[in-house]
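Enquirer: Heads up: the sequence shown begins at 1 in the UniProt record's numbering, then just goes up one per residue.
The structure's right below; bear with me while I get my questions together.
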Amino acid sequence: MHKQTLEQFDPDINAAIEREKQRQEEGLEMIPSENFVSPAVLEALGSILTNKYSEGYPGKRYYGGCQFIDEIEQLAIDRAKQLFNAEHVNVQPLSGAPANIAVYFALLKPGETVLGMDLSHGGHLTHGHPVTYMAQIFNFVRYKTNSLGLIDLDNLRQMALEHKPKMILVGYSAYSREIDYQAVQKIADEVGAITMADIAHIAGLIAAGEMNNPVPIFDVVTTTTHKTLRGPRGGMIMCKEKWAKQIDKAVFPGLQGGPHENNIAAKAVAFKEALEPAFKDYARQIKKNAKILEAEFIKRDYKLCFSGTDNHLLLIDVTNKELSGKQAQIALDAAGITVNKNMVPDDSRSPMDPSGIRLGTPAITTRGMKETEMVQITNLIDEAIKNWQDETKLAAIRQQVVDLTKKFPLYS
Ligand code: DSN
């Protein structure tokens with residue numbers, strides 16, 4: 001093999017990475033599912049562990065030479081157990097979607113019914129949206145939030161009694177409120193359903209004790225590790241010991257091949273970070289920052305879905321500002337502020353040009369931004385939305401964004 005650096009061997013890729021680095025440094029990253037990992041996480045991710053095959057689990061591998069890999073994967077498992085108070089953990093899922101799919105295959109037979117949240121009310125594609133293959137295999141019945149934007153537990157119970165689901169699924173990707181897991185478990189017990197929570201968005205807040213933890217209550221909980229948990233891009237499944245064998249078999253050999261041990265090592269590093277007291281301060285600040293945004297947007301007459309936020313994200317219907325979610329996303333991009341267009345509950349518009357934008361505070365909080373910056377950021381977003389057709393004004397806002405981000409350097 002050659003021993004040139006990336007810059008020497010592949011200047012094209014190197015230059016594109018540098019440009020992306022500059023974009024991250026100089027922009028306000030407000031997509032609520034994104035974050036910035038620490039240099040230690042990056043180092044583990046880019047390590048020589050990527051060279052090793054290790055199908056199987058610690059102590060039970062199909063390949064030789066796994067003694068150090070076992071050590072690393074076991075550390076990741078042990079730290080995740082401590083972080084979430086879990087009985088059993090599988091750290092091998094490559095990301096959130098395969099983690100969810102593995103759970104369905106582990107615990108359901110084709111045709112069985114799952115009660116899951118409607119996508120436009122905050123659910124996720126992998127929770128049974130008709131475009132997914134899972135929707136062809138299992139029978140997903142969708143519940144919705146009520147007019148206040150809350151999960152209507154009486155309605156959920158009625159639907160559970162009517163449809164007799166094998167599984168009830170909670171945990172969302174565009175929902176901003178707390179979830180009463182005890183109440184959902186009670187409904188599941190009444191109809192004999194398995195409980196599953198997908199905590200991908202809020203895992204970091206849960207780990208820090210800032211939101212309710214379903215892990216000790218529910219049968220199975222999936223998450224990604226790269227959102228509020230601030231680890232590498234990847235997935236994880238936690239479950240009660242009684243489901244451990246089925247879950248592990250579904251991940252490997254049921255769905256995946258060799259685990260990505262560089263990724264698992266980076267997960268272990270992120271879990272160590274999340275166990276530190278400083279992570280609790282981080283999670284608390286994520287929520288505080290989101291609350292400031294909530295108040296500031298309400299002051300400026302923005303329409304917040306679900307009547308506000310209890311976590312890290314806000315879903316805003318921007319149509320009262322005379323533009324669509326797509327137009328808002330494009331304007332904000334031009335201003336150096338990254339959000340994503342998003343459906344709002346019962347949206348009359350299409351997913352490619354919906355009524356809303358979804359934004360959140362995990363990444364800007366990682367940079368160290370606090371209350372003062374949140375007010376400033378709301379002003380910048382409001383200005384960009386008001387002037388969404390004015391390229392000169394958007395460019396001027398972008399300069400203010402660059403000036404702001406310079407005060408909160410990331411990797412430089
Ligand atoms: N794509 C993720 C999000 O942005 O919420 C969920 O998978």
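Backbone N, C-alpha and C define an ideal beta-carbon position, used for all residues, glycine too.
Computed from a predicted model, the values in this text were never measured in an experiment.
1) DSSP has L313 in a bridge; who is on the other side?
2) Using the Cβ count rule (16 or more neighbours within 10 Å means buried), how would you classify A15?
3) By how many angstroms is the C-alpha of I137 removed from the C-alpha of M117?
4) Out of L255, L332 and N212, state which residue places its alpha-carbon closest to the alpha-carbon of S95.
5) Tell me the rounded alpha-carbon separation between Q327 and I247.
6) Rounding to the nearest angstrom, what Cα-Cα distance links S355 and L304 in this structure?
7) Taking the straight line between their C-alpha atoms, what separation do you get for I264 and L323?
8) Can you list, in chain order, the residues of its chain with a C-beta nearer than 8 Å to that of D347? Leave out the 5 residues immediately preceding and following it.
9) Can you tell me the Cα-Cα spacing of D382 and M352, whole angstroms?
10) Is it buried or exposed for N54, if we count other Cβ within 10 angstroms and need 16 for buried?
11) For T392, count the other beta carbons within 10 Å of its own beta carbon; 16 or more makes it buried, fewer makes it exposed. Which is it?
12) Would you mind giving the Cβ-Cβ distance between I206 and I199, rounded to the nearest angstrom? I have them listed as a contact below 8 Å.
13) Taking the alpha carbon of V269 as the reference point, which residue from T225, A135 and Q158 has its own alpha carbon closest?
14) Which first and last residues belong to the beta strand (DSSP E) in which K341 is found?
15) In angstroms with no decimal places, state the Cα-to-Cα distance between F105 and M238.
16) Going by Cα to Cα distance, which pick from E162, I48, R157 and T223 is closest to Y172?
17) Under DSSP, the beta strand (DSSP E) around G204 begins and ends at which residues?
18) Does the beta-carbon of H127, which I'm using as the reference point, lie nearer than 7 Å to any heavy atom of the ligand DSN?
19) Below 8 Å, can you find three or more Cβ-Cβ pairs linking the segment 175-182 to the segment 306-313?
20) If you drop the 5 nearest sequence neighbours on each side, which residues of the same chain put their C-beta closer than 7 Å to that of E210?
21) So L293 and T378 are in contact, right, with Cβ under 8 Å, and what is the actual spacing, rounded?
22) From N212, T338 and F279, pick the residue whose C-alpha is nearest to that of A183; which is it?
23) Tell me the DSSP secondary structure of A244 in three-state form.
24) What are the boundary residues of the alpha helix (DSSP H) that includes R19?
25) Report the start-end ranges of each alpha helix (DSSP H) in the segment 41-122 that is 4 residues or longer and not cut off at the edges.
26) Using 8 Å as the threshold, is the C-beta distance between P58 and E34 below it?
27) Within 10 angstroms of the Cβ of M343, are there 16 or more other Cβ atoms? Answer buried if so, exposed if not.
28) Quick one: is the Cβ of A200 within less than 7 Å of any heavy atom of the ligand FAD?
29) Which of the three DSSP states is assigned to G254 in this structure?
30) Would you check if the segment 271-281 and the segment 138-155 touch, i.e. whether three or more CB-CB distances between them fall below 8 Å?
31) In terms of residue numbering, what span does the beta strand (DSSP E) encompassing F140 cover?
32) Can you name, in chain order, every residue of its own chain whose Cβ lies under 8 Å from the Cβ of R398, other than the five neighbours on each side?
33) Quick one: what does DSSP say G235 is sitting in, helix, strand or coil?
34) DSSP three-state label for M374, please.
35) Once you ignore the five residues that flank G258 on each side, which residues in its own chain have a CB closer than 7 Å to its CB?
36) DSSP three-state label for T365, please.
Expert: In this structure, then:
1) Answer is G360, bridged to L313.
2) The residue is exposed, with fewer than 16 neighbouring Cβ atoms inside 10 Å.
3) Taking the straight line from one Cα to the other gives about 18 Å.
4) Looking at the Cα atoms, L255 is the closest of the given residues.
5) Spanning the two alpha carbons is a distance of roughly 42 Å.
6) Per the coordinates, the alpha-carbon of S355 lies some 12 Å from the alpha-carbon of L304.
7) Rounded to whole angstroms, I264 to L323 spans 43 Å at the Cα level.
8) Cβ within range, chain order: S120, P354, S355 and G356.
9) Taking the straight line joining both Cα atoms gives about 22 Å.
10) In the sequence on display, residue 54 carries Ser and not Asn. The Cβ neighbour count for S54, taken over all protein chains shown within 10 Å, is at least 16; the residue is labelled buried.
11) By the neighbour-count rule (16 or more Cβ atoms within 10 Å), T392 is not buried but exposed.
12) Cβ-Cβ separation between I206 and I199: approximately 6 Å, consistent with a contact (criterion under 8 Å).
13) For V269, the closest C-alpha among the options T225, A135 and Q158 is that of T225.
14) Unbroken beta strand (DSSP E) run through K341: N340 to N342.
15) Roughly 15 Å between the two C-alpha positions.
16) Of the candidates E162, I48, R157 and T223, the one whose C-alpha sits nearest the C-alpha of Y172 is T223.
17) It is not in any beta strand (DSSP E) - G204 instead sits in the alpha helix (DSSP H) that spans A203 to A207.
18) Checking every heavy atom of the ligand DSN against the Cβ of H127, none is found closer than 7 Å.
19) The answer is yes - the segment 306-313 touches the segment 175-182, with three or more Cβ pairs under 8 Å.
20) Correct list, in chain order: A283, R284 and K287.
21) Going by Cβ atoms, the distance from L293 to T378 rounds to 6 Å, so yes, they are a contact pair.
22) Looking at the Cα atoms, N212 is the closest of the given residues.
23) Three-state DSSP puts A244 in a helix.
24) Run containing R19: P11 to E26, per the alpha helix (DSSP H) assignment.
25) Counting whole runs of 4 or more residues, the segment 41-122 contains the alpha helix (DSSP H) stretches 67-84 and 96-107.
26) No, the pair does not count as a contact, with Cβ atoms beyond the cut-off.
27) With 16 or more other Cβ atoms within 10 Å, it is buried.
28) The ligand FAD is not part of this structure, which contains only the ligand DSN.
29) For G254, the secondary structure class from DSSP, reduced to helix, strand or coil, is helix.
30) Cβ pair count under 8 Å is below three, so no.
31) Element bounds for F140: N139 to Y143.
32) If we look at R398 and ignore the five residues flanking it on each side, its Cβ neighbours are A334, A335 and G336.
33) Reduced to three states, the DSSP call for G235 is strand.
34) In the three-state reduction of the DSSP assignment, M374 falls in the helix class.
35) Cβ neighbours of G258 beyond the five flanking positions: Y53, S54 and E55.
36) In the three-state reduction of the DSSP assignment, T365 falls in the helix class, which pools H, G and I.
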